[in-house]
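Working notes, beginning with the structure itself.
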Amino acid sequence: MVYEMTDFWGKSLGSFQSFLSSKTGLSRAESVASTLGSLSCQLHQENFIKAVASAESKQEEEDLVKKEINVVENILSKPGISPKLVEQCLIQALYCEMLGYPVTFAYVHAVKLAQQGNIQQKRIGYLASSQFLSMENELGLLLINTIQKDIRSTNVANICMGLQAVSYVVNTEMVPAVSFMVEEKLKHAHAAVRKYAVLALQHCLLQASNHHSIQSALLRLEQVLSDSDISVVAAAVTTLETVVKTKNVTLCQHLIPSLIQIQQQIIQGRLSAKFEFHSVPFPWLQIKLLRLLGLLCAGDKILSGSVGMILKETLQKAEVNQPVAYAIILECIVTINAIEAPPEMVELALKCVSKFLKSSSTDLKYLGVKVLSGVLNKLQDSFSTEHQDIVMECLQHPDETLHLKTLNLLYVICNPSNVHTVCAKMIDFLEKTHDTSLQRNLVSKVLQLAGKHSSDHKWIIVTLERLLRTTDNIISSESICEVMKRLKGGFSHKTEGRDLMLFAASTYWNLCTSSALSDMPELLIQLSAWTLAECWCELKDVTTSKLQEKLCQLLQLPVCSDETKLCILSSLTNVTLKCSDISKNVPSLLTAFLEKENSPLIKQKTNELLRLICSPDIKTKLCKLPDVENIDSTLSFLDEYVCEALQRNESPYLPWRSHINQHTNLTDGVNRNVYSVFKFECNQSSSSSPVDSYCGSYSVQSDPSFHSFQSSQDSYKHKTSTKTKKVWTLEGRKKENSKKLPSSSSQESFPVEELPAENLHSDALLISSSSKLEEDLERETLKQTLFAGVSTAQQITEVVDKKCVVEECSSNTSELTPALKDLHKDNRPEHLNSNV
Amino acid sequence: MLQFMLLFSRQGKLRLQKWYVAHPDKQKKKITRELLAILLARKPKMCSFLEWKDLKIVYKRYASLYFCCAIDQNDNELLTLEIIHRYVELLDKYFGSVCELDIIFNFEKAYFILDELLLGGEIQETSKKNVLKAIAAQDLLQEDDAVEIALKELGLV
Chain H
1 MVYEMTDFWG KSLGSFQSFL SSKTGLSRAE SVASTLGSLS CQLHQENFIK
51 AVASAESKQE EEDLVKKEIN VVENILSKPG ISPKLVEQCL IQALYCEMLG
101 YPVTFAYVHA VKLAQQGNIQ QKRIGYLASS QFLSMENELG LLLINTIQKD
151 IRSTNVANIC MGLQAVSYVV NTEMVPAVSF MVEEKLKHAH AAVRKYAVLA
201 LQHCLLQASN HHSIQSALLR LEQVLSDSDI SVVAAAVTTL ETVVKTKNVT
251 LCQHLIPSLI QIQQQIIQGR LSAKFEFHSV PFPWLQIKLL RLLGLLCAGD
301 KILSGSVGMI LKETLQKAEV NQPVAYAIIL ECIVTINAIE APPEMVELAL
351 KCVSKFLKSS STDLKYLGVK VLSGVLNKLQ DSFSTEHQDI VMECLQHPDE
401 TLHLKTLNLL YVICNPSNVH TVCAKMIDFL EKTHDTSLQR NLVSKVLQLA
451 GKHSSDHKWI IVTLERLLRT TDNIISSESI CEVMKRLKGG FSHKTEGRDL
501 MLFAASTYWN LCTSSALSDM PELLIQLSAW TLAECWCELK DVTTSKLQEK
551 LCQLLQLPVC SDETKLCILS SLTNVTLKCS DISKNVPSLL TAFLEKENSP
601 LIKQKTNELL RLICSPDIKT KLCKLPDVEN IDSTLSFLDE YVCEALQRNE
651 SPYLPWRSHI NQHTNLTDGV NRNVYSVFKF ECNQSSSSSP VDSYCGSYSV
701 QSDPSFHSFQ SSQDSYKHKT STKTKKVWTL EGRKKENSKK LPSSSSQESF
751 PVEELPAENL HSDALLISSS SKLEEDLERE TLKQTLFAGV STAQQITEVV
801 DKKCVVEECS SNTSELTPAL KDLHKDNRPE HLNSNV
Chain F
1 MLQFMLLFSR QGKLRLQKWY VAHPDKQKKK ITRELLAILL ARKPKMCSFL
51 EWKDLKIVYK RYASLYFCCA IDQNDNELLT LEIIHRYVEL LDKYFGSVCE
101 LDIIFNFEKA YFILDELLLG GEIQETSKKN VLKAIAAQDL LQEDDAVEIA
151 LKELGLV
């Protein structure tokens with residue numbers, strides 16, 4: 001806004017008039033009104049802003065602003081005020097609205113001012129309207145007429161203002177009213193008008209719901225791409241990017257050749273010198289174009305091939321030693337990662353990434369590692385030794401950020417051969433960091449890797465313990481349930497099952513008998529209880545009574561939540577059912593526990609357990625159940641009974657699912673009359689051992705009654721050979737318990753005997769105390785283990801020292817010295833292609 | 001898009017803050033405090049980029065001032081470094097060999113220049129000449145000579 005000299009004259013004269021007239025005692029409103037219309041208006045505004053900013057309390061500010069709003073309202077409500085006055089009032093109103101106090105009375109005046117008044121007032125009017133009126137406001141309709149008139153006018157400034165206002169006020173219904181005019185202005189002589197028209201068109205495109213109008217607008221946009229002024233082209237590219245992101249990608253794919261041409265023109269230096277930024281031509285537009293090309297070509301092989309040429313040229317031209325050039329190279333690599341690039345393009349990208357990695361600047365190293373994972377996904381045979389060296393260096397770098405990024409890279413290249421080392425590295429980092437979101441991230445990564453790649457259960461057990469100790473509150477109980485499932489699978493393995501059971505049992509027994517019992521994380525307690533109940537019989541020196549007493553002791557731990565207590569109770573029940581001798585102390589301990597407990601579910605279970613212990617005849621009945629392989633899960637033997645009942649017009653059975661909504665109270669689902677249910681379950685359950693039923697998941701069946709009703713028509717004895725899916729297990733509605741299977745990962749397996757809690761620190765100490773030579777050797781072995789299974793261009797053959805960390809490393813190297821061959825446990829060449 | 005830009009000294013004093021995303025005051029202070037602590041603890045040879053919460057932070061140290069920006073996940077980090085460098089170049093051209101004291105005593109000018117460079121978190125004008133031209137025009141507006149002349153003519157001063 002340029003004030004002319006005459007304006008100042010007018011204002012200064014006006015101020016003196018008011019100065020003089022205020023002495024003759026004019027009314028306050030008039031004097032304020034004349035004040036507002038004068039030079040001192042500026043002073044008044046300044047004072048107002050200062051007063052509001054220095055207000056001591058919100059109340060004071062509110063008072064000040066409300067007073068000002070009243071004054072403004074009074075002035076505006078007078079008929080026949082000058083546009084100048086309206087202008088000043090609107091500025092005040094804008095400020096008040098910005099502070100959060102609505103000035104709805106001023107909206108209409110804003111619209112009116114945009115219509116009349118000279119160019120400065122029109123500008124204020126438009127500004128106020130764009131701020132006051134959202135797209136839903138009906139007053140926008142009043143403005144449309146003004147906008148239309150302005151766009152059609154011959155004054156360039158008017159056209160620009162009109163076009164700008166389009167972006168603020170026009171909503172979906174109003175688009176047809178203005179879009180035609182906007183499109184016309186795309187061919188205006190003045191470049192600035194064309195640019196504003198493109199941006200107004202962007203807004204219309206985003207608002208338009210009609211597919212046909214979108215198509216026609218896109219056609220116009222295409223023509224704009226070949227505009228002579230580069231800033232208009234830049235605006236068009238931005239518009240395209242928005243359209244591609246919000247609407248269909250395929251709409252714009254035919255524009256790829258023109259985009260390529262624009263990029264070519266830029267890098268060939270056809271732009272004027274004023275667009276050069278540190279000797280790189282218009283880098284912002286280059287990067288935008290590359291990003292757009294990436295979006296358009298993603299997933300399409302043919303299109304990706306067509307942009308290969310231009311990417312190569314861009315990379316070549318960006319060889320200058322300027323930071324901006326690196327930015328362009330980075331964007332190229334990101335684009336290559338995003339599209340289905342031909343192999344030579346990916347090679348080129350890899351070369352650039354190598355340059356980044358080798359540079360001395362930490363920034364470039366960081367970015368190199370970041371995009372390396374993307375490139376490795378594309379290229380099968382690329383992870384050469386020098387890259388490995390660099391990645392190793394990054395891991396040891398003191399900068400934590402780089403360290404983290406390298407861990408991400410390792411996550412991507414993880415495969416069954418190196419999963420142990422990768423997870424170990426991740427857990428090392430986990431223990432050092434305190435940032436919870438980072439911890440959560442890493443924990444989920446470790447769990448995923450272990451779940452996907454590792455089949456070694458011992459390692460899983462050990463890693464899980466380590467993980468639980470560091471990050472107890474992050475791992476969910478579902479993950480623990482997953483692990484339990486896997487372990488169960490491992491236990492039932494023909495040859496290794498017993499071995500695994502022994503290992504697991506001894507690990508957890510040692511944990512439970514260690515002195516640091518109060519420090520044990522809750523999930524670890526759950527896991528120990530479950531495992532011990534499964535496999536304690538493998539341990540020679542642990543009698544049933546000892547185990548039961550231990551479990552009771554665990555029950556008393558203050559750290560146990562309800563969930564954990566239920567878990568321990570189930571384990572106790574399991575143990576009791578499996579064997580006959582029960583320790584004398586157990587019933588008394590349980591009764592004491594029962595007294596302290598409040599939760600009805602826990603009380604019920606404890607009651608059940610006590611009854612079970614006290615009446616051995618129920619137990620014998622249970623244990624004598626026949627070993628049935630084929631289980632009739634649809635209960636077809638009852639079909640006749642059901643048919644008779646239905647014929648008597650009794651209501652059919654509703655599965656438990658439909659009852660769920662009726663149970664609002666916790667205690668509603670609890671059946672207080674325990675043993676009638678128990679007897680009913682006895683008849684129905686046909687699993688061979690309590691163990692199986694314990695592990696059966698609580699799955700609500702598809703309605704069995706209808707199925708059996710149907711089958712009763714066909715065949716009487718409908719035997720299915722499906723394994724039982726127990727709806728009710730012997731332990732009652734234990735759904736929360738049976739779902740507790742976490743998917744935590746496991747670590748490398750260490751020998752069973754040494755597993756005190758301090759184990760995690762022992763290997764750290766080991767490494768730090770080694771000599772320099774040993775350090776180098778360590779580095780080499782670590783490198784071997786980290787990149788095992790990842791295809792390498794050249795192989796290193798070195799004698800690997802047998803340290804416990806790398807005891808189980810394996811590498812898919814093709815040339816091997818005889819010493820290395822001994823370490824090969826996992827020689828699966830097909831993983832080369834599938835994992836990298 | 002830039003979410004915010006912070007300038008602070010090596011002693012942890014905030015010299016300039018520009019927010020392009022709305023946060024309540026308390027949260028702004030919290031973010032500033034946390035970021036300052038993290039960035040001041042970093043050694044000179046460390047990477048200029050780091051990930052913090054769900055943002056990417058790009059920072060660079062010029063003499064005694066740290067220039068720190070927060071960008072979205074899909075933005076180009078090296079380009080943000082260039083934006084910071086462009087801002088420093090502008091300050092340098094305007095103040096002539098800018099130092100921290102210039103920014104302390106003329107902070108409003110620093111804000112004006114930043115507003116000419118960045119708008120809504122995106123770079124608005126890359127040409128140094130154009131930005132400085134706009135700032136010069138602003139400076140002209142602020143001069144009060146015209147009022148003084150008018151008063152003189154009327155014989156009151």
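As they're listed, the protein sequences go chains H and F.
In terms of the UniProt record's numbering, the first sequence opens at residue 1 and continues consecutively.
In terms of the UniProt record's numbering, the second sequence opens at residue 1 and continues consecutively.
Glycine included, each C-beta is placed from N, C-alpha and C at the ideal position.
On a predicted model such as this, the values are computed, not experimentally measured, just so you know.
Where residue i and residue j are concerned, what is the direct C-alpha to C-alpha distance, given to the nearest angstrom?
i	j	result
Arg152 of chain H	Lys195 of chain H	16 Å
Pro281 of chain H	Gly269 of chain H	7 Å
Leu2 of chain F	Ile91 of chain H	29 Å
Leu348 of chain H	Thr314 of chain H	12 Å
Thr362 of chain H	Leu94 of chain H	48 Å
Leu782 of chain H	Asn321 of chain H	35 Å
Leu407 of chain H	Leu395 of chain H	8 Å
Phe48 of chain H	Lys58 of chain H	15 Å
Val65 of chain H	Met98 of chain H	11 Å
Glu331 of chain H	Glu77 of chain F	10 Å
Glu431 of chain H	Arg469 of chain H	10 Å
Ser479 of chain H	Phe787 of chain H	28 Å
His278 of chain H	Glu775 of chain H	45 Å
Ala128 of chain H	Ser354 of chain H	54 Å
In this structure, how does DSSP classify residue i when only helix, strand and coil are distinguished?
i	result
Ala55 of chain H	coil
Lys187 of chain H	coil
Glu319 of chain H	coil
Ile83 of chain F	helix
Lys648 of chain H	Looking at the sequence itself, residue 648 of chain H is Arg, so the reference to Lys does not match. In the structure shown, Arg648 of chain H sits in coil (DSSP, three-state: anything other than H, G, I, E or B).
Gln216 of chain H	The residue asked about is misnamed: residue 216 of chain H is Ser in this sequence, not Gln. Residue state, collapsed to three classes: helix.
Lys18 of chain F	strand
Glu122 of chain F	strand
Ala37 of chain F	helix
Ile474 of chain H	coil
Pro281 of chain H	strand
Ala788 of chain H	coil
Asn377 of chain H	helix
Gly80 of chain H	coil
In the DSSP assignment, the alpha helix (DSSP H) including residue i goes from what residue to what residue?
i	result
Tyr101 of chain H	Note, Tyr101 of chain H: premise wrong, no alpha helix (DSSP H); not H, not E.
Phe356 of chain H	Pro343 to Lys358
Ala208 of chain H	Unbroken run through Ala208 of chain H: none, as it is neither H nor E.
Phe503 of chain H	Gly497 to Thr513
Cys423 of chain H	Val419 to Lys432
Lys274 of chain H	Where Lys274 of chain H is concerned, there is no enclosing alpha helix (DSSP H), given that its DSSP letter is neither H nor E.
Leu225 of chain H	Counting along the chain, Leu225 of chain H falls outside any alpha helix (DSSP H), and DSSP gives it neither H nor E.
Pro257 of chain H	Ile256 to Ile267
Ala128 of chain H	Ile119 to Phe132
Ser570 of chain H	Asp562 to Lys578
Can you name the start and end residues of the beta strand (DSSP E) that residue i belongs to?
i	result
Val58 of chain F	Leu55 to Tyr62
Ser9 of chain F	Leu2 to Ser9
Glu51 of chain F	Phe49 to Trp52
Considering only DSSP beta bridges, list what residue i is partnered with.
i	result
Leu65 of chain F	F:Ser9 and F:Tyr62
Ile71 of chain F	F:Leu2 and F:Lys56
**Sufficient close CB pairs (3 or more, under 8 Å) joining the stretch 472 to 481 of chain H to the stretch 438 to 458 of chain H** = yes
**Touch test, the stretch 224 to 231 of chain H against the stretch 194 to 213 of chain H, Cβ-Cβ under 8 Å, three pairs minimum** = The answer is yes - the stretch 194 to 213 of chain H touches the stretch 224 to 231 of chain H, with three or more Cβ pairs under 8 Å.
**Message:** Within 8 Å, do at least three Cβ pairs link the stretch 21 to 40 of chain F to the stretch 48 to 59 of chain F?
**Reply:** The stretch 48 to 59 of chain F vs the stretch 21 to 40 of chain F: in contact.
**Item:** Stretch pair the stretch 129 to 144 of chain H + the stretch 107 to 120 of chain H: three plus CB contacts closer than 8 Å
**Value:** yes
**Asked** Would you say the stretch 290 to 299 of chain H touches the stretch 252 to 261 of chain H, given that touching needs at least three Cβ pairs under 8 Å?
**Response** Counting Cβ pairs under 8 Å, three or more are found: they touch.
**Prompt:** Does the stretch 414 to 421 of chain H come close enough to the stretch 368 to 379 of chain H that 3 or more CB-CB pairs lie under 8 Å?
**Reply:** no
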